[in-house]
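Asks: Going by the working numbering, the residue at position 278 of the sequence shown is 405; the numbering climbs one at a time, nothing skipped.
Structure provided below as structure tokens; questions to follow.
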Amino acid sequence: MSSLEIAKLDLMYVGIIIFTGLLGGVIAKKIKVPDIVLFLLIGIGLGPTIGGILHVAADSTMNQLILTIGACYLLFEGGATLRFAVLKEIWITLAVIATVGVLITGAIMTYAGVWLGIPIGVALVLAALTASTDPATLVPIFKQVPIKDRVSQTVMSESALNDAMGAIATFAVVAYVMGTGEGFSLTHSMGELTYEAGMGLVLGAIVGYSAALLMAHGSMGIFREVTPFVIILAVITVYLLADEIGASGFMAVFTLGVMIGNKESFGLPLDEHEHEYLEDYVGNTALLMRMFIFILLGSQVNFHLLKEYLGVGLMLLFVFIFIARPVTVFLCAGPDRRAKWSWKELVFMSWTRETGVIPAALVGILAGMKVPGIDVVGAITFIFILGTILIQAPTTALLAGKLGLLKSQEKSE
128 MSSLEIAKLD LMYVGIIIFT GLLGGVIAKK IKVPDIVLFL LIGIGLGPTI GGILHVAADS
188 TMNQLILTIG ACYLLFEGGA TLRFAVLKEI WITLAVIATV GVLITGAIMT YAGVWLGIPI
248 GVALVLAALT ASTDPATLVP IFKQVPIKDR VSQTVMSESA LNDAMGAIAT FAVVAYVMGT
308 GEGFSLTHSM GELTYEAGMG LVLGAIVGYS AALLMAHGSM GIFREVTPFV IILAVITVYL
368 LADEIGASGF MAVFTLGVMI GNKESFGLPL DEHEHEYLED YVGNTALLMR MFIFILLGSQ
428 VNFHLLKEYL GVGLMLLFVF IFIARPVTVF LCAGPDRRAK WSWKELVFMS WTRETGVIPA
488 ALVGILAGMK VPGIDVVGAI TFIFILGTIL IQAPTTALLA GKLGLLKSQE KSE
């Protein structure tokens, strides 16, 4: 095919994804299911196995570009939901559960995977990949289900923060698995992790403050009338800069989101109209990214592998929901004397644990890198995504009501 024909084909794919994604979003809203479930099912229907309409290879330039910018933008959106006011009360829980918690979940899932016969290298990648929660799924859920502020903000903030840590851990594990077999050094790996996260945080803070300054009212706010373009430029710039110096691009874009989301704290506000316009833009762009990521992911599902690993995947899903998450929450949040979590709040946080956008995006990126065992990892990750979203998301309101954590119950107390 000529380059023009390839361009036309890709353009057709873009149109199909947007059109079917919009329809899926409308249906998801009516039946009160997170939209990413519909996007996944649409992708499966359009993929080579069933519909034969979408044929986008996992290692294609188009797929890698969409997944990279999509993952970055969704992490940015997650960071923008984190508020300093909430952080002051719950920062100890967040710091522990987003770092140590990722390691605890990863360790439990690695052990479970190896026990079920998965090679240790593949089990490590799977555990790291699925250790984080999903802000793109949780934020819409909490907009529909009015949970008490400190609980909902904690769960959303944790999901935004540990997405970055989960992504860093994933690439650290992948580097080890794909390495030259020189041996594993915990000290060296932790040092690299600290450097990647630390430099990503610093870079994200600098670029985030600079972007907020250029968008705000004042003599420096020369781009306040084109804030959406500043956002896109900042996300791309900070990711590429971080990658260039060996820092975590994911931590950088997350921190960028935190800085811009809390720009008022630095005396850099937008007026009400501009703020609403920016929020609408960020939300709509994030929706577009979810469409592309999940429809493409669904179209690339290997049904032969899915069938082959369904039993193992369901057993790991059980461990994931009923063992790994509760152990992580009670060990990391339970001892926090500042937040003083009740057992009901801990139970709710243990249940609210969807897997979604970032693991899905990372599966596609790792497939492009040809990571050993990525087909198995992708199949089980898909089972985790569908399982956690179909089981946990629809029961969030019911559980919150039983535990007395709805805002309406708070007012009546």
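Yeah, the Cβ is synthetic: ideal placement off N, Cα and C, and Gly gets one too.
Is it true that the CB of L444 sits closer than 8 Å to the CB of I510?
Replies: yes
Asks: Starting from the C-beta of I274, find all residues in its chain whose C-beta is less than 6 Å away, skip the five residues before and the five after it, and write them out in chain order.
Replies: A527, L532
Asks: Which value, in whole angstroms, describes the spacing of the CA atoms of E216 and A379?
Replies: Roughly 24 Å between the two C-alpha positions.
Asks: Sort out for me which residues DSSP pairs I274 with in a bridge.
Replies: L533
Asks: What residue does the alpha helix (DSSP H) around K434 start on, and which one ends it?
Replies: For K434, the enclosing alpha helix (DSSP H) covers residues 430–435.
Asks: Hey, how far is the Cα of L424 from the Cα of I144?
Replies: 12 Å
Asks: For S129, which of helix, strand or coil comes out of DSSP?
Replies: coil
Asks: By alpha-carbon positions, which one of M342, G514, A299 ends up nearest to G394?
Replies: M342
Asks: When the Cα of Q519 is compared with those of F447, K135, H344, I219, which residue comes out closest?
Replies: F447
Asks: Is it right to say W470 is buried, meaning 16 or more other beta carbons lie within 10 angstroms of its own, or is it exposed?
Replies: exposed
Asks: Just reading off the alpha helix (DSSP H) that N389 is part of, what are its end residues?
Replies: Neither: N389 is in no alpha helix (DSSP H) and is coded neither H nor E.
Asks: So the alpha helix (DSSP H) G89 belongs to, where does it begin and stop?
Replies: Coverage of the chain is limited to positions 128 through 540, which leaves residue 89 absent and any answer about it impossible.
Asks: Quick test of your reading: M476 and A460, contact by CB under 8 Å. State the CB separation rounded to the nearest angstrom.
Replies: 7 Å
Asks: Can you tell me whether DSSP reads T147 as helix, strand or coil?
Replies: helix
Asks: With distance defined between alpha-carbon atoms, name the residue in I154, D502, I420 nearest to L432.
Replies: The shortest C-alpha separation from L432 is found at D502.
Asks: Tell whether a beta-carbon distance below 8 Å holds between T260 and R480.
Replies: yes
Asks: Let's see if you can read the secondary structure: which residues bound the alpha helix (DSSP H) around E401?
Replies: 399–426
Asks: Who are the near neighbours of L256 in its chain, counting only those whose CB is closer than 8 Å to its CB and skipping five residues on each side?
Replies: Same-chain partners within the cutoff: G293, T297, P486, L489, V490, L493, V504, T508.
Asks: Rounded to the nearest angstrom, what separates A207 and T176 at their Cα positions?
Replies: 38 Å
Asks: Would you check if the region 447–458 and the region 222–241 touch, i.e. whether three or more CB-CB distances between them fall below 8 Å?
Replies: Yes, the region 222–241 touches the region 447–458.
Asks: Considering V160, what are the terminal residues of the alpha helix (DSSP H) in which it resides?
Replies: Note, V160: premise wrong, no alpha helix (DSSP H); not H, not E.
Asks: Terminal residues of the continuous alpha helix (DSSP H) containing I78?
Replies: Lying before the first or after the last residue shown, residue 78 is absent from the chain, which here runs from 128 to 540.
Asks: Using 10 angstroms around the beta-carbon of M139, count the other beta-carbons present and answer buried if the total reaches 16, otherwise exposed.
Replies: Counting the other CB atoms within 10 Å of its CB gives M139 a total below 16, which places it among the exposed residues.
Asks: Go through its chain and collect everything with a Cβ distance to L251's Cβ below 7 Å, but skip five positions before and after it.
Replies: T237, V300, V304
Asks: Beta-carbon separation of V498 and L243 under 8 Å?
Replies: no
Asks: Could you check the C-alpha separation between H400 and E352 for me, to the nearest Å?
Replies: Spanning the two alpha carbons is a distance of roughly 11 Å.
Asks: From P521 to I387, what does the alpha carbon distance come to, in whole angstroms?
Replies: For P521 and I387, the distance between alpha carbons rounds to 31 Å.
Asks: Kindly list the residues whose CB is nearer than 7 Å to the CB of A239, restricted to its own chain and excluding five residues on each side of it in sequence; keep chain order.
Replies: L443, V446
Asks: Indicate the three-state DSSP secondary structure (helix, strand or coil) for S284 in the structure shown.
Replies: helix
Asks: Drop a sphere of 10 angstroms on the beta-carbon of A254, count the other beta-carbons inside from all chains shown, and report buried for 16 or more, exposed for fewer.
Replies: Residue environment: A254 is assigned as buried (16 or more neighbouring CB atoms within 10 Å of its CB, all protein chains considered).
Asks: Could you tell me whether any non-hydrogen atom of the ligand ZN is closer than 7 Å to the CB of A234?
Replies: For the structure depicted, the ligand ZN is absent and the ligand set is empty, with no information on it obtainable.
Asks: Label K390 either buried or exposed according to how many other C-beta atoms from any shown protein chain fall within 10 Å of its C-beta, with 16 as the threshold for buried.
Replies: buried
Asks: Taking L214 and F381 to be in contact with their CB atoms under 8 Å, please state how far apart those CB atoms are, rounded to whole angstroms.
Replies: Under the criterion of beta carbons closer than 8 Å, L214 and F381 do not qualify as touching, at roughly 14 Å.
Asks: Quick one: Cα of F166 to Cα of E204, how far?
Replies: 19 Å
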